[in-house]
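*Asks:*
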Amino acid sequence: MAVLTKNAVSGMSKEARARQRRHEIKQWWRAAPYLGPSLILFAIFVFIPLIRTVVLSTYSTTPIGEMTKFVGTKWFERLISSPVYLNSLKVTLKFVLYTVPGVIVLSLLLATLANLRLRGISFYRIAFAITLAVSGATAALIFMFLYHPVIGTFNYLMELVGVGRVPWLTDARFALMSVAIPRIWLQTGFATVVLLAGMQGISEELYEAAKIDGAGFWHSWRHITLPLVTPSLFFLLVVVSLNAFQTFTEVNVLTAGGPVDSTQVVVHEIYRSFYFNGQYGYASAQALILFVIILALTIIQFGVIEKRVHYA
Amino acid sequence: MTKNRFWGIVGKVGLYLLLTIAAVIILFPLYTGFVTSLLTAQNLDTYPPKLVPLDFQWQNYAEALRMAPLPRFVFNSFVQSGSVMISQLVLASLAAFAFAFLQFRGKQFIFIVFLSTMMIPWEATIIPNYLFIQKIGWDDTYLGLMAPFMATAFGTFLIRQFFMSLPKDLYDAAIIDGCSNIRYLVTIAAPLARPALGTLAVYSFLQTYNQYLWPLLITNSTNMRTVQIGIRMLQEFEREAWNVVLAGVMMIMIPTLVLFIFANRQLIRGLTAGALKG
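Chains as they are written, first to last, in this note's numbering: chain C, 1 to 312; chain D, 313 to 590.
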């Protein structure tokens, strides 16, 4: 019986398999023109470069990036003992700690306000989201003016409240914070939009039920709004940190890493290593370490998205 | 009753006050930038700084245009962003069509390949990409500016999601009627997916227009600079003439502000859906 079945199956499957194979190949040819262009571009600009970054990180290079000698883990060893690199990691972590809580708290506040049912609220929603249209470079330039030691508006306001002039960009104690402020400003617009979308997804019935039970605004915010936007909050936490880890523009425009490397974030250090110092291998090793950090964050983020099922 | 109404009105006024304070804080940098861009040189240097529009020195805008080839920068950015946008729309629609409608072996695997490109940060590939673009002689060209961004996994997912919400019967019926796949995509699926395509268009245009690091690496000549890099050049030329610099800044923000005002719905949809790649 078993033998018979097996024979029948293999006997049938020989022809069937060949037919299936032809069918599969036909299907493949049908899908190829649709997927091919994207796949080829991904290969050229994502996958092959990623492999090349790994290879480069184990090589010495000429100042124009040609690989000369295999050096193994030399660059990584140098990195973990390099005060400059360790400083850039520290600065980046500090930058993340400066921006993320600020963005989260401010956007939670703004989204709560923007979620109110009031006449003219759409004007405020637009105002809160306007930084979506502002680029990092233009934001940095506007703030560069605001930080101006003599004619800048911020120092005027600081004197007005009795603090006195602040050397925003020229003092190592303040520079990183000064670079973080335009970033907070930019990201708050985005974060408010995400949180507001989350809040508007909350069913009205929940609030009505709470109202019938005598809950005031604060109570329903605390027990309905906040718990139900936690997925959005968590998503933002990861995305805003991810963006903070990848900061480059504001630093490049406002301080170029100075004074005394107090704003030298990781990406700016990578940029300096390969673009100015021609150390491609060393820069690639730095990029790989950043990749690992970001990958860890991204995996967490995808886990969250999976749960939220929120693509469109 | 009247007491309640009284407090209701007070509360409402309070809320509007809060909303207005928040809006003023958010708009403050843009407002100050705009007011300053219209100041005369004398009023720029006086203390305290001017917070109300004092002058309407529109010549600053002409001066900014004279000092740096801003129209050329804007043109370069439009070429880059426009091409990236069109390419992403076409390639993402094609790939999304295959994922949504075609059956083939290894679909799951290829889907994961697409997904994985979103997990690889730009910094991990930028050095080899920079070397590659230089090697093939595309540095300082439009092709070099746009090539790495022509395909998009995020856009593919966005459109695929939309395609999958279309009734499957529609596709089956069309195919039985002898409609080819590509014709179905072009004449039926893509027009129906207009909201998703609009979202991707606005999102990708804005992202590309605001790019900084890649154009900084890949362009060398003044003629090829994009706006974000070019505007810094203006600041380096003008140093202390902040009224002129800010006039330039205001001008280069016009396209994105217009896009934001007319298409903020699409943009917001794109950002809340994606935001995957910063």
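Using N, Cα and C, we set each Cβ at its ideal position, and we do this for glycine too.
Here's the rule: buried if 16 or more other CB atoms are within 10 angstroms of the residue's CB, otherwise exposed. What is C/W185?
*Replies:* Within the first sequence, residue 185 of chain C is the residue found at index 185, counting from 1. Burial call: buried.
*Asks:* Under the three-state reduction of DSSP, which class applies to C/F70: helix, strand or coil?
*Replies:* Within the first sequence, residue 70 of chain C is the residue found at index 70, counting from 1. Three-state DSSP puts C/F70 in a strand.
*Asks:* Looking only at C-alpha atoms, which of C/I202, C/I44, C/H23, C/M144 sits nearest to D/R551?
*Replies:* On the second sequence, residue 551 of chain D is found 239 positions in, with the first residue counted as 1. The shortest C-alpha separation from D/R551 is found at C/M144.
*Asks:* So what does DSSP say about D/G590, is it helix, strand or coil?
*Replies:* On the second sequence, residue 590 of chain D is found 278 positions in, with the first residue counted as 1. Note on D/G590: pLDDT 31, under 50, position unreliable in the model; the coordinate value appears next. It is coil, neither helix nor strand.
*Asks:* Exposed or buried, which one is C/D261 when buried takes at least 16 other CB atoms within 10 Å?
*Replies:* For the purposes of this step, residue 261 of chain C is taken as residue 261 along the first sequence, with counting starting at 1. Classification for C/D261: buried.
*Asks:* Alpha carbon to alpha carbon, how far is D/P360 from C/F154?
*Replies:* For the purposes of this step, residue 360 of chain D is taken as the residue at position 48 of the second sequence. For the purposes of this step, residue 154 of chain C is taken as the residue at position 154 of the first sequence. Computed Cα separation, rounded: 11 Å.
*Asks:* In chain D, which residues lie with their C-beta within 9 Å of the C-beta of C/H219?
*Replies:* Here residue 219 of chain C corresponds to residue number 219 of the first sequence, with the count starting at 1. In chain order: nothing, as chain D lies at least about 16 Å away.
*Asks:* Give the secondary structure of C/Y59 by DSSP, where H, G and I count as helix, E and B as strand, and everything else as coil.
*Replies:* Here residue 59 of chain C refers to the residue found at position 59 when the first sequence is read from its first residue. Strand, per DSSP.
*Asks:* Does the separation of the CB atoms of C/V100 and C/S241 fall below 7 Å?
*Replies:* Taking the first sequence and counting its residues from 1, one reaches residue 100 of chain C at position 100. Taking the first sequence and counting its residues from 1, one reaches residue 241 of chain C at position 241. Yes.
*Asks:* At which residues does the alpha helix (DSSP H) containing D/R378 begin and terminate?
*Replies:* Counted from its first residue, the second sequence places residue 378 of chain D at position 66. Unbroken alpha helix (DSSP H) run through D/R378: 371-379.
*Asks:* How many Å lie between C/N371 and C/H268 at the Cα?
*Replies:* The question about residue 371 of chain C has no answer here: the residues shown for chain C are numbered 1 through 312.
*Asks:* With a threshold of 7 Å between beta-carbons, can C/L93 be considered close to chain D, or not?
*Replies:* In the first sequence, the residue the question calls residue 93 of chain C occupies position 93. False, the Cβ-Cβ gap to chain D never drops below 7 Å.
*Asks:* Which residue's Cα is closest to the Cα of D/L518: D/P503, D/I471, D/F572?
*Replies:* Along the second sequence, one-based indexing puts residue 518 of chain D at 206. Measuring from the Cα of D/L518, the nearest candidate turns out to be D/F572.
*Asks:* Taking the straight line between their C-alpha atoms, what separation do you get for D/I338 and C/N243?
*Replies:* The sequence position of residue 338 of chain D within the second sequence is 26, counting from 1. The sequence position of residue 243 of chain C within the first sequence is 243, counting from 1. So the alpha carbons of these two residues sit roughly 20 Å apart.
*Asks:* Mind checking which residues open and close the alpha helix (DSSP H) that includes C/N243?
*Replies:* Numbered from 1 along the first sequence, position 243 holds the residue referred to as residue 243 of chain C. First-last of the alpha helix (DSSP H) with C/N243: 226-245.
*Asks:* Using CA coordinates, which residue listed in C/S203, C/N87, C/A32, C/R78 is at the minimum distance from D/L403?
*Replies:* To locate residue 403 of chain D, count along the second sequence from 1; it is residue 91. Checking every option, the nearest Cα to that of D/L403 belongs to C/A32.
*Asks:* Beta-carbon of C/R117 versus every beta-carbon of chain D: anything under 7 Å?
*Replies:* Against the first sequence, residue 117 of chain C aligns to sequence position 117. Output row for C/R117: interface = no.
*Asks:* For D/Y595, report the span of its alpha helix (DSSP H) as first-last.
*Replies:* Since the displayed chain D opens at 313 and closes at 590, residue 595 of chain D lies outside it and no answer follows.
*Asks:* So with CB distances below 7 Å, who are the chain D contacts of C/F70?
*Replies:* Within the first sequence, numbered from 1, the residue matching residue 70 of chain C stands at position 70. Those do not exist, as C/F70 stays about 17 Å from chain D at its closest Cβ, beyond 7 Å.
*Asks:* I need the straight-line Cα distance from D/A380 to D/G542, nearest angstrom please.
*Replies:* On the second sequence, residue 380 of chain D is found 68 positions in, with the first residue counted as 1. On the second sequence, residue 542 of chain D is found 230 positions in, with the first residue counted as 1. Distance between the alpha carbons of D/A380 and D/G542 is about 8 Å.
*Asks:* Counting only Cβ pairs nearer than 7 Å, list the residues of chain D close to C/W314.
*Replies:* Outside the modelled stretch of chain C, which goes from 1 to 312, sits residue 314 of chain C, for which no answer is possible.
*Asks:* So is C/G162 in contact with chain D if we call contact Cβ pairs under 7 Å?
*Replies:* Numbered from 1 along the first sequence, position 162 holds the residue referred to as residue 162 of chain C. Cβ-Cβ to chain D under 7 Å: no for C/G162.
*Asks:* Closer than 8 Å, Cβ to Cβ, to anything on chain C: give me those residues from the segment 335-360 of chain D, in chain order.
*Replies:* Per Cβ criterion, the list reads A335, I338, L339, P341, L342, T344, G345, T348, L356, D357, Y359, P360.
*Asks:* Please name the residues in the segment 550-565 of chain D whose beta-carbon is closer than 8 Å to at least one beta-carbon of chain C, in chain order.
*Replies:* For the segment 550-565 of chain D, which is checked against every Cβ of chain C, the residues closer than 8 Å are W554, V557, L558, V561, I564, M565.
*Asks:* Quick one: is C/P63 near chain D, going by C-beta distance under 7 Å?
*Replies:* Translated into the one-based positions of the first sequence, residue 63 of chain C becomes position 63. So no, C/P63 is outside the interface.
*Asks:* How would you label D/Q420, buried or exposed, when you count the other beta carbons within 10 angstroms and need 16 or more for buried?
*Replies:* Along the second sequence, one-based indexing puts residue 420 of chain D at 108. Exposed is the call here.
*Asks:* For C/A172 and C/L236, I'd like the C-alpha separation in whole angstroms.
*Replies:* Stepping through the first sequence from its first residue, residue 172 of chain C is reached at position 172. Stepping through the first sequence from its first residue, residue 236 of chain C is reached at position 236. The straight-line gap from Cα to Cα measures roughly 29 Å.
*Asks:* Would you mind sorting D/R296 into buried or exposed? The rule is 16 or more other CB atoms within 10 Å of its CB.
*Replies:* Nothing about residue 296 of chain D can be reported from this structure: the residues present for chain D run from 313 to 590 only.
*Asks:* Cβ closer than 8 Å: which chain D residues qualify as neighbours of C/P167?
*Replies:* As a first step, residue 167 of chain C must be located in the first sequence, where it is residue number 167. The premise fails here: C/P167 is roughly 17 Å from chain D at the closest Cβ pair, so nothing lies under 8 Å.
*Asks:* Can you name, in chain order, every residue of its own chain whose Cβ lies under 7 Å from the Cβ of D/A587, other than the five neighbours on each side?
*Replies:* Counting from one through the second sequence, the residue named residue 587 of chain D turns up at place 275. Only weak support exists for where D/A587 lies, its pLDDT of 43 falling under 50; the value from the coordinates is given anyway. Counting only Cβ-Cβ distances below 7 Å, and skipping sequence neighbours, we find nothing.
*Asks:* What is the residue span of the alpha helix (DSSP H) that C/T138 lies within?
*Replies:* Working through the first sequence from its first residue, we reach residue 138 of chain C at position 138. Its alpha helix (DSSP H) spans residues 136-146.
*Asks:* Identify which residue in D/L579, D/V557, D/Y442, D/Q578 has its Cα closest to the Cα of D/A353.
*Replies:* The residue given as residue 353 of chain D occupies position 41 in the second sequence. The option with the nearest alpha carbon to D/A353 is D/V557.
*Asks:* So what does DSSP say about D/M545, is it helix, strand or coil?
*Replies:* As a first step, residue 545 of chain D must be located in the second sequence, where it is residue number 233. Residue state, collapsed to three classes: helix.
*Asks:* So which of D/Y328, D/F340, D/Q392, D/F318 has the shortest CA-CA distance to D/Y524?
*Replies:* For the purposes of this step, residue 524 of chain D is taken as the residue at position 212 of the second sequence. Residue D/Q392 is the option with its Cα nearest to D/Y524.
*Asks:* Using a C-beta cutoff of 7 Å, does D/P433 count as contacting chain C?
*Replies:* Within the second sequence, numbered from 1, the residue matching residue 433 of chain D stands at position 121. Yes, D/P433 counts as interfacial toward chain C.
*Asks:* For the alpha helix (DSSP H) containing C/P149, list its first residue and its last residue.
*Replies:* Position 149 of the first sequence holds residue 149 of chain C. It is not in any alpha helix (DSSP H) - C/P149 carries neither H nor E in the DSSP assignment.
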